[in-house]
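Asks:
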Ligand SMILES: Cc1ncc(C[n+]2csc(CCOP(=O)(O)OP(=O)(O)O)c2C)c(N)n1
Ligand SMILES: Cc1ncc(C[n+]2csc(CCOP(=O)(O)OP(=O)(O)O)c2C)c(N)n1
Ligand SMILES: [Mg+2]
Ligand SMILES: [Mg+2]
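Protein chains in written order, with the working numbering: chain A, 545 to 892; chain B, 545 to 892; chain C, 261 to 593; chain D, 261 to 593.
#1: Quick check: the Cα distance between residue 875 of chain B and residue 455 of chain C, rounded to an integer number of angstroms?
#2: Taking C-alpha atoms, which residue in B/649, B/634, B/564, B/591 lies nearest to residue 605 of chain B?
#3: Select from the segment 377–406 of chain D all residues with a C-beta closer than 8 Å to any C-beta belonging to chain B, and list them in chain order.
#4: Using a Cβ-Cβ cut-off of 8 Å, state whether residue 836 of chain A counts as contacting chain B.
#5: Which residues neighbour ligand 4 when neighbourhood means a C-beta less than 6 Å away from any of its non-hydrogen atoms? List them by chain order.
#6: What do you reckon, is the C-beta of residue 785 of chain A under 7 Å from a heavy atom of ligand 3?
#7: Return yes when the Cβ of residue 407 of chain D is within less than 8 Å of the Cβ of residue 563 of chain C, no when it is not.
#8: Please name the residue in D/503, D/530, D/304, D/369 whose C-alpha comes closest to that of residue 272 of chain D.
#9: Report yes if the C-beta distance between residue 501 of chain D and residue 465 of chain D is below 8 Å; otherwise report no.
#10: Name the DSSP beta bridge partners of residue 383 of chain C, please?
#11: In three-state terms, what does DSSP make of residue 627 of chain A?
#12: Should residue 664 of chain A and residue 363 of chain D be called a contact, given that it needs their Cβ atoms to be closer than 8 Å?
#13: Decide if residue 546 of chain A is buried, meaning its Cβ has at least 16 other Cβ atoms within 10 Å, or exposed.
#14: Less than 8 Å between the beta carbons of residue 862 of chain A and residue 369 of chain D, yes or no?
#15: At the level of alpha carbons, what is the spacing between residue 422 of chain C and residue 278 of chain C?
#16: For residue 811 of chain A, which of helix, strand or coil comes out of DSSP?
#17: Mind checking which residues open and close the beta strand (DSSP E) that includes residue 752 of chain B?
#18: Please give the ranges of any alpha helix (DSSP H) in the segment 639–706 of chain B, keeping only runs that are unbroken, at least 4 residues long and fully inside the region.
#19: At a cut-off of 7 Å, would you count residue 718 of chain A as near ligand 3, judging by its Cβ distance to the nearest heavy atom?
#20: Would residue 792 of chain A be called buried (16 or more neighbouring beta carbons within 10 Å of its own) or exposed?
#21: Along the segment 626–642 of chain A, where does the CB come closer than 7 Å to a CB of chain D? Name the residues.
#22: Within the same chain, show all residues whose beta-carbon is closer than 6 Å to that of residue 619 of chain D, passing over the 5 residues directly before and after it, in chain order.
#23: Leaving out five residues on either side along the sequence, give the residues of the same chain with a beta carbon under 6 Å from the beta carbon of residue 380 of chain D.
#24: Select from C/310, C/327, C/326, C/325 the residue whose C-alpha is nearest the C-alpha of residue 319 of chain C.
#25: Are the C-beta of residue 575 of chain D and some C-beta of chain F separated by less than 8 Å?
#26: Helix, strand or coil: how does DSSP classify residue 421 of chain C here?
#27: Cβ of residue 504 of chain B versus every heavy atom of ligand 2: is any distance shorter than 7 Å?
#28: I'd like to check one pair, residue 859 of chain B with residue 575 of chain D: are the Cβ atoms closer than 8 Å?
#29: Start and end of the beta strand (DSSP E) containing residue 475 of chain C?
#30: Quick one: is residue 873 of chain B buried, meaning 16 or more other Cβ sit within 10 Å of its Cβ, or exposed?
#31: Looking at the structure shown, is residue 288 of chain D part of a helix, part of a strand, or coil, going by DSSP?
#32: Would you report the Cα separation of residue 562 of chain A and residue 814 of chain A, rounded to the nearest angstrom?
#33: Smallest Cα separation from residue 489 of chain D: which of D/546, D/358, D/372, D/585?
#34: Give me whichever residues DSSP pairs with residue 850 of chain B in a beta bridge.
#35: In chain B, which residues lie less than 7 Å from residue 327 of chain C when you measure between Cβ atoms?
#36: Checking contacts by CB at 8 Å: is residue 584 of chain B closer than that to chain D?
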């Protein structure tokens with residue numbers, strides 16, 4: 545079985561549990577009126593987000609979308625940062641300017657920030673992959689997109705561009721059954737979104753999105769292809785959004801039977817059974833992880849609540865990056881010889 | 545063999561010849577400095593444009609792109625209109641405001657005008673198909689797109705939308721080997737653009753774009769599917785742009801061997817041989833058509849040259865369509881009771 | 261004319277009523293959008309019930325798109341339907357910039373009047389979502405410059421209903437900017453009888469003598485509050501609600517300036533090259549002799565829309581800042 | 261400083277030289293675009309030879325896209341490259357509105373300065389193509405309103421080179437609007453030594469006393485011609501070339517107005533809510549006491565760019581119309 549050591553396997557377990565606990569706490573805060581705006585969570589998607597992002601190496605870039613907390617945590621973004629971001633405090637990665645999971649760190653954890661517009665993160669991810677290729681680095685970019693997002697023009701343009709230029713890009717489609725309230729049946733006519741790979745001449749895979757190790761493994765394979773200059777892959781993780789679109793969504797349009805069915809296949813439960821079967825997890829360890837996770841969440845909440853609000857006086861700071869150091873001193877900058885421009889007969 | 549009578553078969557021959565003659569005359573005028581701006585012609589594409597558009601019935605809509613003169617002529621746009629449009633005269637369909645083959649007539653010939661941006665005509669075409677479906681009409685829309693255009697987001701969004709809503713849309717990809725100076729090998733990784741149909745769950749066909757009857761037949765079949773509510777089709781016509789991108793393009797990047805090869809497969813020659821084999825065409829008839837075509841072109845040129853330039857005083861006319869007849873007379877329009885709006889506590 | 265007896269109508273309901281009435285009146289009116297059907301639409305439930313009433317052929321759920329939704333609506337409009345496109349957030353107009361600007365707005369002019377595009381794009385704009393840089397933008401600054409587009413921004417339930425009806429009946433593309441913040445916060449009794457408010461006419465919301473506050477949307481209420489405060493200081497401010505942002509009602513602006521001689525323009529959208537610039541430029545050129553003090557603008561600063569409440573409060577004009585700026589207008593010159 | 265001996269450089273060549281020199285200086289500078297490689301690029305042959313020199317990894321041919329070309333450049337810029345995107349026509353910016361406005365322009369602010377987007381989008385804008393509504397647009401009216409973007413529009417070969425170098429070295433997204441009409445019509449001798457012109461500074465092209473004509477791009481030459489005509493009538497006009505359109509050089513405008521007391525703003529782009537509106541609004545507010553007559557604007561009328569030569573001539577400002585409008589500025593007030 546795959547190249548993961550015991551600690552790595554348990555690490556995935558921890559991250560999936562942490563993802564769910566952070567999300568549960570976030571929704572609770574939302575329902576208590578402590579969070580402004582829209583809260584997207586992803587109960588049921590933990591295997592996809594954590595499994596895929598665990599296949600990344602240092603220097604590889606993650607381009608998540610709005611629901612990919614698991615991938616952020618796997619990349620090393622901390623619960624403290626997440627909670628401060630939800631509360632829009634000054635210690636949040638975007639210091640209260642931006643919200644949701646729009647978190648950036650290209651210095652040590654290589655995360656591109658998602659935007660509020662589905663699909664638009666994909667060309668940016670491809671550009672990161674282009675930079676790697678241009679510099680001859682053996683890194684890859686892992687981008688997520690939703691089933692809904694695959695219908696956008698940016699998805700198509702990006703996948704075609706990545707394929708044509710052999711960019712090291714892995715695109716994971718989180719097929720979670722819905723785009724907001726629209727079921728997949730009203731979004732496209734095909735059975736497998738992975739079949740869209742045929743439009744670009746790249747490998748397409750369908751994977752059980754509730755099986756963390758299956759997602760890990762296929763991502764790993766795609767990463768190997770990308771790293772060796774053979775271009776992008778498209779992976780469709782079949783999974784289910786076990787909640788409404790946002791924390792404000794009653795989800796009354798989702799059939800209870802489907803919810804029940806998917807609950808039987810809860811990715812965290814499935815993964816725990818698997819680790820138990822491998823003899824890696826037992827009740828004591830489950831309890832221990834539960835405690836560590838609860839502590840991490842409590843610590844994050846306390847951190848975020850203690851963090852001050854951003855200072856309104858800073859509102860207009862840093863619109864632009866500072867001017868580069870002028871390459872020549874001021875008096876070396878010459879002025880155009882005003883009348884030297886040959887413009888005679890210009891209008892004829 | 546297909547449902548075309550002798551006259552229809554000869555009509556296609558006439559239209560293909562007329563297309564080439566009008567284009568030749570246009571390029572000549574361009575090189576004599578009589579036409580401003582960019583001139584796109586399509587030597588080699590006559591079978592695709594005329595063949596496909598000949599499958600349309602009255603009330604069906606054509607959505608051509610910049611190079612589809614053959615389809616316009618097949619739809620009944622006259623050489624006079626075309627030439628007046630190239631010269632931007634007041635008798636041109638767009639009265640000198642717009643140029644190129646951007647010609648509109650939704651009253652009797654059902655042509656949507658293309659825009660200067662590849663891909664952008666496709667959603668508009670889908671919208672026309674949506675209107676047909678909404679009104680329960682058994683009409684179809686025939687849209688053209690280039691090999692380059694299939695890489696745009698609008699292509700993808702439109703095909704997916706049309707598939708999902710079962711719209712009566714037929715999309716013909718004119719794979720003519722190039723997007724401007726970019727060969728297909730630098731545009732996408734796949735062999736057949738028709739394979740993109742798999743991304744939408746719709747029929748995809750490859751057809752010899754230099755065989756007018758093959759193009760006619762496959763378009764006809766797709767139209768039948770569309771007319772009976774079974775949605776869109778994607779047809780890739782393999783052909784070759786036997787000239788540069790525009791009349792100004794020296795085409796020095798196009799391999800002479802490829803040009804030679806395709807010249808052997810000139811669509812007009814191929815079709816003439818076919819009609820001859822069927823006993824429908826002989827040298828006398830070829831001469832007769834040649835004369836009629838030459839006369840039509842001369843007549844069009846004379847017409848266009850005699851047409852006045854647009855009057856600059858009309859420049860700002862008709863930006864907006866006139867206000868609709870007010871549904872209530874002026875004094876029936878009441879004024880909001882200014883203070884009645886409950887806005888107490890609005891800012892809390 | 262009789263007002264409805266008692267039951268006041270919210271801004272959201274007024275929009276909903278206009279849609280229903282126009283769909284009843286004219287079978288060529290259709291709705292298109294993501295989640296526009298009866299799946300408990302989140303967007304203020306404005307289109308709820310319309311699919312059940314008018315069928316899935318006229319209330320059409322669309323897949324997520326960036327450009328094709330609007331592009332398809334343009335095509336349907338050319339072919340004789342009157343599509344109303346539903347975009348939950350005005351921010352998403354950026355993805356449809358191409359079909360709006362390059363196709364819809366140019367169609368009538370470039371075909372020398374042959375084709376018409378009777379299209380309405382409805383979206384909620386402005387503050388209220390508290391969702392940061394992609395969910396509260398005011399898009400009028402992107403589009404006011406585009407010849408061939410009309411832009412409407414109602415401030416009251418009465419106007420929302422009457423202007424939406426006019427927009428649907430108009431044979432041109434219209435951006436209809438509903439205000440997110442006002443959907444459920446305003447109520448007023450609406451006439452039982454049908455009414456339509458012509459596009460292109462501003463409305464004086466409060467008469468005054470010394471300065472005109474020119475604004476629209478939710479800022480109308482801040483301006484009214486500011487005017488009340490200023491009244492206690494003996495300053496008489498007129499509040500002009502533009503209602504239609506393109507084409508602008510220059511006559512109403514000039515008429516007001518002719519007696520107040522001073523102007524402050526207020527908008528939620530950012531300052532530089534925003535709609536206020538055009539109004540100020542018009543005033544500066546055409547009301548020059550009327551003007552006693554410089555025409556000024558109050559708008560959001562030139563940065564993206566912020567997420568944190570504390571930043572948002574600093575970002576948006578409010579009654580206090582409007583009043584303060586009016587005082588500056590009066591002293592200047 | 262020594263000027264090149266004799267051989268004058270065209271505007272197109274100046275752009276080309278700037279690209280080559282910057283690519284030599286800094287290996288992180290890359291070019292991306294359709295037909296940007298060595299296949300006899302049609303777009304004024306500006307990038308010709310660069311692929312042979314710097315390789316296909318740094319001069320990258322891209323498939324036709326609407327949004328992804330710019331989106332990908334943003335990603336590459338974030339990762340430390342300095343991409344220069346080549347769009348043959350400024351009109352095509354409309355298809356990339358989303359990545360420019362929603363991604364590139366907001367990135368630095370919204371990440372609180374963590375990420376930078378050192379990106380240049382070069383395109384040819386304005387008259388000269390004679391190709392109607394989609395090949396001669398001036399895009400500054402779409403983008404001047406967008407916080408976080410810089411916009412540059414050089415009028416001379418000297419400026420084109422120096423400003424493009426500054427744009428490439430700038431750590432922010434810059435729209436670089438080359439002027440189609442000027443590519444091959446202007447020549448001037450350029451210094452042999454390297455020079456860089458800082459963004460954000462206007463330049464007085466002609467000194468004058470009674471009125472300032474504020475303009476940029478090809479209109480600079482019409483303005484100069486108008487000023488020459490006016491001189492024969494005893495009217496002394498100053499011509500201010502903005503060079504950078506965002507951020508505007510307010511100081512230079514105010515300085516000029518302080519002695520001329522009158523202003524006419526001229527641009528090729530359409531009038532309403534165009535860049536001229538912002539300039540007029542600024543002047544109206546900040547130069548109020550300096551102004552003797554109303555600030556006026558001369559621009560294209562509010563319709564799409566026309567195809568026919570006769571309509572085009574009526575559409576664009578020219579020296580005669582500028583002179584006429586200056587006379588009106590002088591009489592007004
Ligand atoms: C252009 C645009 N349309 C709609 C929305 C609203 N919206 C936000 S997330 C979302 C759903 C996208 O669905 P999918 O891609 O399947 O991702 P999921 O939310 O299921 O993870 C929608 C419609 C938006 N933000 N932007
Ligand atoms: C957004 C955009 N990019 C580039 C162009 C320039 N352009 C005009 S036609 C064309 C070629 C399109 O190629 P294809 O779709 O294959 O059509 P073809 O010209 O071969 O018929 C290009 C690149 C444009 N008009 N718009
Ligand atoms: Mg989904
Ligand atoms: Mg082609």
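Glycine included, C-beta positions come from ideal geometry on N, C-alpha and C. Please read these numbers as outputs of a predicted model, since none were measured by experiment.
Replies: To lay it out plainly:
#1: At residue 875 of chain B, the pLDDT of 41 sits below 50, so the modelled position is not reliable and the matter cannot be decided from this model.
#2: With distances taken between Cα atoms, residue 605 of chain B lies closest to B/649.
#3: Residues passing the 8 Å Cβ filter: 389, 390, 391, 392, 393, 394, 395.
#4: Residue 836 of chain A is outside the set of residues whose beta carbon lies under 8 Å from a beta carbon in chain B.
#5: Any heavy atom of ligand 4 within less than 6 Å of a residue's beta carbon puts that residue on the list, which reads B/690, B/691, B/692, B/720, B/722, B/723.
#6: Yes - ligand 3 has a heavy atom lying nearer than 7 Å to the Cβ of residue 785 of chain A.
#7: Against a cut-off of 8 Å, the Cβ pair of residue 407 of chain D and residue 563 of chain C comes out as a contact.
#8: Closest in C-alpha terms to residue 272 of chain D, from the list D/503, D/530, D/304, D/369, comes D/304.
#9: A contact, by the Cβ cut-off of 8 Å.
#10: According to DSSP, residue 383 of chain C bridges with C/347, C/437.
#11: Here residue 627 of chain A sits in helix by DSSP.
#12: Yes. Within cutoff.
#13: Residue 546 of chain A should be labelled exposed.
#14: Yes, these two residues count as a Cβ contact at 8 Å.
#15: When rounded, the distance between both Cα atoms is 7 Å.
#16: Three-state result, residue 811 of chain A: helix.
#17: Residue 752 of chain B -> beta strand (DSSP E) spans 748–752.
#18: Counting whole runs of 4 or more residues, the segment 639–706 of chain B contains the alpha helix (DSSP H) stretches 665–678.
#19: Because some heavy atom of ligand 3 lies under 7 Å away, the Cβ of residue 718 of chain A counts as near it: yes.
#20: Using a 10 angstroms sphere on the CB of residue 792 of chain A, the tally of other CB atoms stays under 16, which defines it as exposed.
#21: Of all residues in the segment 626–642 of chain A, 638, 639, 641, 642 have a Cβ within less than 7 Å of some Cβ in chain D.
#22: Nothing about residue 619 of chain D can be read from this structure; chain D reaches only from 261 to 593.
#23: Cβ neighbours of residue 380 of chain D beyond the five flanking positions: 344, 427, 428, 434, 436.
#24: Among C/310, C/327, C/326, C/325, the Cα nearest to that of residue 319 of chain C is on C/310.
#25: Any reference to chain F falls outside this structure, whose protein chains are A, B, C and D.
#26: In the structure shown, residue 421 of chain C sits in a helix (DSSP, three-state: H, G or I).
#27: Outside the modelled stretch of chain B, which goes from 545 to 892, sits residue 504 of chain B, for which no answer is possible.
#28: The Cβ atoms of residue 575 of chain D and residue 859 of chain B lie closer than 8 Å to each other.
#29: Counting along the chain, the beta strand (DSSP E) containing residue 475 of chain C begins and ends at 471–475.
#30: Any answer about residue 873 of chain B is weak, because its pLDDT of 44 lies below 50 and its placement is not dependable; what the coordinates show is given next. So residue 873 of chain B ends up on the exposed side.
#31: Coil.
#32: Computed Cα separation, rounded: 16 Å.
#33: Per the Cα distances, D/585.
#34: Paired residues: none, contrary to the question.
#35: 667, 697, 698, 701, listed in chain order.
#36: Interface flag for residue 584 of chain B against chain D is unset, since no Cβ pair is found closer than 8 Å.
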